[in-house]
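Enquirer: Residues 414 to 828 in the working numbering are what the sequence shown lists, from first letter to last. Where is the CB? At the ideal position from N, CA and C, for every residue including glycine. Nothing here was measured: the structure is a model prediction, and the numbers come from that model. One structure is given below, represented as structure tokens, and several questions about it will come after.
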Amino acid sequence: MVSMIFWLISCAPSNTMDTSIETDTSSIEDTSVFESVSCPLQATPIALSFNEMPAMSLPQSMTITLSQECSDPHVLLNTPQEWTNDPHFSVTLPSSTQAQDQSILEVIFTPSWEQEHTSSLNIPYTHIQSPLTIVLEANVSAPLPLLIIGGQLRRILSHNYGQSIVSETQDAGVQKRVCYGGDSYLIVGGMDQGVIWRSQTGQNWQQHTLETESIEACAYGNNRFVMYADGLFSSIAGVEWEEGSDTPWMEEGIQDITFGDGVFVAVGDQGRIATTTHGAYWERDALQGNFQLKSVAFGNDLFVAVGNLGAILWSDDLGESWTTERVGNGIFQRVIFGNGFFFTSDGSDLYRSSDGIVWTSINTDGVQPLASYGTLLIGLRGQQLYHSTDLGTSWSPQSQLSLNAPIFDAVIAQP
414 MVSMIFWLIS CAPSNTMDTS IETDTSSIED TSVFESVSCP LQATPIALSF
464 NEMPAMSLPQ SMTITLSQEC SDPHVLLNTP QEWTNDPHFS VTLPSSTQAQ
514 DQSILEVIFT PSWEQEHTSS LNIPYTHIQS PLTIVLEANV SAPLPLLIIG
564 GQLRRILSHN YGQSIVSETQ DAGVQKRVCY GGDSYLIVGG MDQGVIWRSQ
614 TGQNWQQHTL ETESIEACAY GNNRFVMYAD GLFSSIAGVE WEEGSDTPWM
664 EEGIQDITFG DGVFVAVGDQ GRIATTTHGA YWERDALQGN FQLKSVAFGN
714 DLFVAVGNLG AILWSDDLGE SWTTERVGNG IFQRVIFGNG FFFTSDGSDL
764 YRSSDGIVWT SINTDGVQPL ASYGTLLIGL RGQQLYHSTD LGTSWSPQSQ
814 LSLNAPIFDA VIAQP
């Protein structure tokens with residue numbers, strides 16, 4: 414007991430001496446806090462604003478750089494799905510969860526039908542100032558107009574990709590293909606002579622006739638329209654037309670034309686495939702097998718053409734050489750490209766391919782691919798329009814068309 418008392422008493426002078434030294438305890442606390450705050454997690458930029466884009470466009474991405482200078486690295490917590498509360502924004506996590514040197518976050522925005530999106534990216538990390546908040550903003554404009562044409566001068570216009578119909582008309586006349594470019598729609602066709610219908614709205618049309626046979630196909634690219642009747646023609650605005658010079662005549666007709674990577678590619682009867690750059694003349698015009706080629710599309714640096722007898726042809730050298738694939742023995746009337754894939758149907762099975770070589774049946778409901786934009790596929794079965802947002806695997810019904818005439822072609826007025 415005595416020794417314990419002595420120990421307590423002997424400690425007292427020491428405590429008295431320590432308290433006599435002037436010590437600013439608040440500065441110690443400040444220093445402790447300062448040491449933590451001196452190395453915050455930094456973000457460049459601190460806000461992301463995406464360019465305005467039409468509804469249902471392909472996903473857009475931007476990057477954020479995270480950095481710090483601490484020797485003790487911050488560690489990013491949770492998963493990217495927990496960092497935002499908006500389903501249209503997603504975040505790709507950097508390769509390392511430690512932000513000691515530099516980390517790159519990829520923020521992806523997927524446009525839907527909504528016209529404004531604002532969200533925040535809250536990055537939790539091992540730091541007293543967690544989380545770091547970054548503002549995410551995106552503006553989505555209205556959907557692009559969709560124009561569908563068919564038999565008996567049938568025209569269907571929609572301003573929301575077929576969810577509803579603005580107008581559906583029918584008259585006398587033969588139209589075969591529709592294309593869009595330079596703020597104008599062009600419908601081509603005719604019986605005994607070439608007929609062109611031109612419109613900027615898709616509702617009010619001006620009709621022009623040409624001293625040609627029926628016009629079979631048209632496309633827009635390189636700031637000009639190119640079409641085929643009994644020869645090759647080109648036009649800047651779709652009004653004044655120039656016939657291609659030194660254009661050889663071939664008995665086999667053209668059924669479709671598309672544009673990609675600076676080249677127009679036309680396909681037609683008896684496997685006819687022709688190419689031109691500006692519509693002045695055919696740079697290549699040859700027969701490629703005994704197929705009736707109906708349609709051609711461009712994407713993934715490839716041209717893909719489809720036709721009867723299950724024929725699918727593809728070219729990766731701007732139409733100079735072609736490889737033939739066979740998928741069944743049905744008739745493929747149309748091929749389209751959208752969201753990284755080609756789509757075609759034989760009337761029953763819908764097929765999908767990314768390379769034109771391997772084709773997979775993804776749906777057997779008889780939906781024919783009609784048009785595409787961004788993440789949206791538009792299809793047709795009977796007189797019912799359909800949408801798909803999962804690369805053609807499943808389809809949801811949209812507008813029911815009222816007039817009963819076959820559908821030939823469709824175009825979305827892409828800027």
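Checking the sheet assignment: what are the DSSP bridge partners for ILE562?
Expert: Position 149 of the sequence shown, counted from the start, is the residue given in the question as residue 562. Per DSSP, ARG568 and ASP822.
Enquirer: Taking DSSP as the reference, what is the three-state secondary structure of GLY684?
Expert: The residue you call residue 684 lines up with position 271 of the sequence shown. Helix at GLY684.
Enquirer: Just verifying my parser: in three-state terms, what is the DSSP assignment at SER449?
Expert: Here residue 449 is taken as the residue at index 36 of the sequence shown, counted from 1. Residue placement at SER449 is poorly supported in this model, since its pLDDT is 49, which falls under 50; the coordinates are not used for a value here.
Enquirer: Cβ of TYR694 within 9 Å of Cβ of SER648?
Expert: In the sequence shown, residue 694 corresponds to position 281, counting from 1. In the sequence shown, residue 648 corresponds to position 235, counting from 1. Cβ atoms of TYR694 and SER648: not closer than 9 Å.
Enquirer: Give me the Cα-Cα distance between VAL639 and GLU656, rounded to the nearest whole angstrom.
Expert: Locating residue 639 in the sequence shown gives position 226, where the first residue counts as 1. Locating residue 656 in the sequence shown gives position 243, where the first residue counts as 1. One C-alpha to the other measures close to 10 Å.
Enquirer: What is the residue span of the beta strand (DSSP E) that ILE830 lies within?
Expert: The question about residue 830 has no answer, for the chain in this structure spans 414 to 828.
Enquirer: With a threshold of 16 other CB atoms inside 10 Å of the CB of ILE418, please say whether the residue is buried or exposed.
Expert: Looking up residue 418 in the sequence shown gives position 5. For ILE418, the predicted model reports a pLDDT of 31, less than 50, meaning its position is unreliable; a value from the coordinates is still stated below. Label assigned to ILE418: exposed.
Enquirer: Here's a check: name, in chain order, each residue in its chain whose Cβ is nearer than 6 Å to the Cβ of GLN473, leaving out the five neighbours to either side.
Expert: As a position in the sequence shown, residue 473 is number 60, starting the count at 1. Excluding sequence neighbours, GLN473 sits near PHE463 and PHE522.
Enquirer: Mind checking who CYS592 pairs with in its DSSP beta bridge?
Expert: Translated into positions along the sequence shown, residue 592 becomes position 179. Beta-bridge pairing links CYS592 to LEU599.
Enquirer: For GLN565, which option in SER484, ILE820, PRO828 and GLN827 has the closest C-alpha, if you only look at C-alpha atoms?
Expert: Locating residue 565 in the sequence shown gives position 152, counting from the first residue. Residue ILE820 is the option with its Cα nearest to GLN565.
Enquirer: On a Cα-Cα basis, can you pick out the residue from HIS572, TYR641 and HIS501 that is closest to LEU623?
Expert: Residue 623 sits at position 210 when you count from the first residue of the sequence shown. When only C-alpha atoms are compared, the closest one is TYR641.
Enquirer: Among residues of its own chain, excluding the 5 on either side of GLY603, which ones have a beta-carbon nearer than 7 Å to its beta-carbon?
Expert: Here the question's residue 603 lines up with position 190 in the sequence shown. Here the set comprises VAL587, SER627 and ILE628.
Enquirer: Check each candidate in THR510, VAL771, ASN742 and ILE578 and name the one with the smallest Cα separation from GLN796.
Expert: The count along the sequence shown starts at 1 and reaches residue 796 at position 383. That would be ILE578, whose Cα lies nearest to the Cα of GLN796.
Enquirer: Note the first and the last residue of the continuous beta strand (DSSP E) segment covering TRP610.
Expert: Reading the sequence shown from its first residue, position 197 is the one you call residue 610. TRP610 -> beta strand (DSSP E) spans 607-612.
Enquirer: Measure the alpha-carbon distance for LEU518 versus ASP499 and round it to whole angstroms.
Expert: Within the sequence shown, numbered from 1, the residue matching residue 518 stands at position 105. Within the sequence shown, numbered from 1, the residue matching residue 499 stands at position 86. Roughly 17 Å between the two C-alpha positions.
Enquirer: With a threshold of 16 other CB atoms inside 10 Å of the CB of TRP772, please say whether the residue is buried or exposed.
Expert: The residue given as residue 772 occupies position 359 in the sequence shown. With 16 or more Cβ atoms within 10 Å of its Cβ, TRP772 is classed as buried.
Enquirer: According to DSSP, is PRO493 helix, strand or coil?
Expert: Position 80 of the sequence shown, counting from 1, holds the residue named residue 493. Note: PRO493 maps to helix in three-state DSSP.
Enquirer: Expressed to the nearest angstrom, what Euclidean distance is found between the alpha-carbon atoms of HIS621 and SER612?
Expert: Sequence index remark: in the sequence shown, residue 621 carries index 208 (1-based). Sequence index remark: in the sequence shown, residue 612 carries index 199 (1-based). Approximately 11 Å, taken between the alpha carbons.
Enquirer: Note down, in chain order, each residue of its chain lying with its Cβ closer than 6 Å to the Cβ of THR444, except the 5 sequence neighbours on either side.
Expert: Along the sequence shown, one-based indexing puts residue 444 at 31. Here THR444 scores only 32 on pLDDT, less than 50, and its place in the model is too uncertain to base an answer on.
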